[in-house]
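Undergrad:
Residue numbers (the numbering used here): 1399 to 1652.
What follows is the structure in structure tokens.
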């Protein structure tokens, strides 16, 4: 992203805000995989590409990869967006439904509801591969539609091992040295405020962010921003990094 910002004439202040960390054990992931192999579930929902790969890696470590992939090929597989779709294509696993852009839980539910005449969630046993933070909105919506849901996170989000760049970014925003903040995922904004809280500057950061333009990649990030009492200036026409930077540049040029 830094290179993109420079391409459009900006000066990037890069502050990595999160890292993927494995869960302490593979037990839950393997239990989910075993259920898929046994035909326990009527459908499997993959929310992220990283999570799908993490589940596949756990199964491979246990020596069960071939049986798991074969079971997926026989399953009704649903994906939230292009990244888990890419993993399924690599495995030659057919995908029944992929949520359209901006690939949030709302689009996923709408896509399922659009095909309810063909296959309904009511009474179905549905496995959900989750990620760092549980998507309770999706789980609640699935249950409200009558599904019996089993949700298993296959990895977690954590702060970077080195949070000094984040600390410097907090100071820069508060000191008025930043004109635009770009948020490309919900955990980023949560971690930004977590570090500010550790610094005793949470309120100062919120006040400062209210005075700058916040560009959000899409609805999930925007929801996290609003949770902090702030309002994103805009979302790009499509949830793509290049469009986020380009459209931010166009807006700031006026």
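C-beta atoms are modelled at their ideal positions from N, C-alpha and C, and glycine is treated no differently. Predicted model, so just to flag it, every value in this text is computed and none were measured.
1. Considering only their Cβ atoms, is the gap separating residue 1440 from residue 1524 smaller than 8 Å?
2. How about residue 1634 and residue 1641: are their beta carbons less than 8 Å apart?
3. How should residue 1502 be labelled, buried or exposed, when 16 other C-beta atoms within 10 angstroms of its C-beta is the threshold for buried?
4. Rounded to whole angstroms, what is the Cα-Cα separation between residue 1548 and residue 1526?
5. So is residue 1528 buried or exposed if we call it buried at 16+ other beta carbons inside 10 Å?
6. Determine the direct distance from the alpha carbon of residue 1474 to that of residue 1464, and round the result to whole angstroms.
7. Could you give the distance in angstroms between the alpha-carbon of residue 1413 and the alpha-carbon of residue 1567?
8. Under 8 Å, do residue 1399 and residue 1610 count as touching if we go by C-beta distance?
9. Excluding sequence positions up to five away, which residues of its chain have a Cβ less than 8 Å from the Cβ of residue 1421?
10. Could you tell me whether the Cβ atoms of residue 1613 and residue 1646 are closer together than 8 Å?
11. Can you tell me whether DSSP reads residue 1555 as helix, strand or coil?
12. Which term fits residue 1532, buried or exposed, when burial requires 16 or more other beta carbons within 10 angstroms of its beta carbon?
13. Taking the C-alpha atoms as reference points, what is the distance between residue 1472 and residue 1616?
14. Should residue 1478 be labelled buried (16 or more other beta-carbon atoms within 10 Å of its own) or exposed?
15. Just to confirm, are residue 1626 and residue 1604 a CB contact at a threshold of 8 Å?
16. Go through the region 1596 to 1643 residue by residue and report every complete run of the beta strand (DSSP E) that reaches 3 residues or more, in order.
17. Kindly indicate which three-state DSSP category residue 1593 falls into: helix, strand or coil?
18. If you measure between the beta carbons of residue 1470 and residue 1491, is that distance less than 8 Å?
19. Per the DSSP calculation, residue 1442 is bridged to which residue(s)?
20. Let me confirm a value: residue 1542 is counted as buried when at least 16 other C-beta atoms fall within 10 Å, else exposed. Which label applies?
21. Quick one: what's got a C-beta closer than 8 Å to residue 1424's C-beta in the same chain, skipping five residues either side?
TA: So, from the listed chains and residues:
1. yes
2. yes
3. buried
4. 6 Å
5. By the 10 Å Cβ count, residue 1528 comes out buried.
6. The straight-line gap from Cα to Cα measures roughly 18 Å.
7. 6 Å
8. no
9. 1427, 1551, 1552, 1553, 1554
10. yes
11. Residue 1555 sits in a strand when the DSSP states are folded into three classes.
12. exposed
13. C-alpha separation (whole angstroms): 33 Å.
14. The Cβ neighbour count for residue 1478, taken over all protein chains shown within 10 Å, is at least 16; the residue is labelled buried.
15. Yes; because the gap between Cβ atoms is below 8 Å, this pair is in contact.
16. 1611 to 1614
17. helix
18. yes
19. 1475, 1525
20. exposed
21. 1456, 1459, 1460
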